[in-house]
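In what follows, a single structure is set out as structure tokens and then discussed.
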Amino acid sequence: MGRLGVDLYPLQTGVGLDRVESFGKFLGGSPANVAVAAARLGRRTALVSRTGADPFGTFLHRELKAFGVDDRWVTEVAAHPTPVTFCEVFPPDDFPLYFYRLPKAPDLEIHPHELDLDAIRAARVFWATGTGLCAEPSRAATLEALRARSEHGGGDGGGGYGGEGGTGREATVFDLDWRPMFWADPAEARPYYAEALRHATVAVGNLDECEVATGERDP
């Protein structure tokens, strides 16, 4: 559940965007990437998100379906364009990102009343991200989904999304997904991250993200 957009990656490496001549177009957003990865492993996966009512939104729906991801809960927002992210590629490990999500990304317009909480509770694995906490109504929707999971015990272990039949092992994953450009102040994010972490059974993040979420760098 959360961020979805189009990634435009340069077909030339070692140069800035001002010198790039051509780009490749890809499905992007960490929740979408996780859903695709799980689908490639043979799992039943679905995404809860939103796109603009535009050609890039059409592209994302087509890509999700091609990868085997259920897109029934990816809906359109007419008022906002599908977000685009540009990347610079400086091997081996420098990949600056430039997010174009203004005036507001459609995936931040997920409303609590739109959630299929039965499907969220039934999923063997539910994955939500910190980006969804940066603005309303997505913040309320993300926390509502996480609360529904924790109140239900994390999942039913049945034939919901994430697998075919239960093993008794369910996970509610909170991906810290810290993007400072989406927040006015890191301190603003901490109470919302803390609330999300209370409902998660697994947290994913690097040291910088953990410091933002908890105020601590030492595990």
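Taking our numbering, the leading residue of the sequence shown gets 39, the next gets one more, and so forth. By construction, the Cβ of each residue, glycine as well, lies at the ideal position given by its N, Cα and C atoms.
In the three-state reduction of the DSSP assignment, Asp132 falls in the strand class.
Counting the other Cβ atoms within 10 Å of the Cβ of Asp131 gives fewer than 16, which makes it exposed. Per DSSP, the beta bridge partners of Ser87 are Val112.
Residue range Leu245 to Thr252 is occupied by the alpha helix (DSSP H) that includes Val250. The DSSP-derived three-state label of Pro119 is coil. DSSP places Gly66 in the strand class (E or B) of the three-state scheme. Between Gly106 and the set Phe128, Asp92, Gly62 and Ala73, the nearest pair of CA atoms involves Ala73.
Under the 10 Å beta carbon count, Arg255 is surrounded by fewer than 16 other beta carbons and is classified as exposed. Look at Pro141 here: in three-state DSSP terms it is coil, with no helix or strand label. Shown here, Gly95 sits in a helix according to DSSP, grouped into three states.
Going by C-alpha positions, Leu146 is about 26 Å away from Glu208. Judged by beta-carbon spacing, Arg185 lies within the 7 Å limit of His237, meaning their Cβ atoms are closer than that value. Contact between Met39 and Trp165 holds, since their C-beta atoms are separated by about 7 Å, short of 8 Å.
Rounded to the nearest angstrom, the Cβ distance from Arg159 to His190 is 4 Å, consistent with a contact under 8 Å. Taking the C-beta atoms as reference points, Glu114 is found nearer than 7 Å to Ala91. With three or more CB-CB distances shorter than 8 Å, the segment 41-52 counts as touching the segment 118-130.
DSSP lists no beta-bridge partner residue for Tyr231. Rounded to the nearest whole angstrom, the C-alpha separation of Leu171 and Pro141 is 17 Å. Phe212 is positioned such that its CB atom lies closer than 7 Å to that of Ala241.
Counted as a single uninterrupted DSSP element, the beta strand (DSSP E) harbouring Leu46 occupies residues Gly43 to Pro48.
In the assembly as shown, Ala179 is a buried residue. Its beta-carbon has 16 or more other beta-carbons within 10 Å.
DSSP links Asp213 through a beta bridge to Thr167 and Val242. In the structure shown, the three-state DSSP call for Phe124 is strand.
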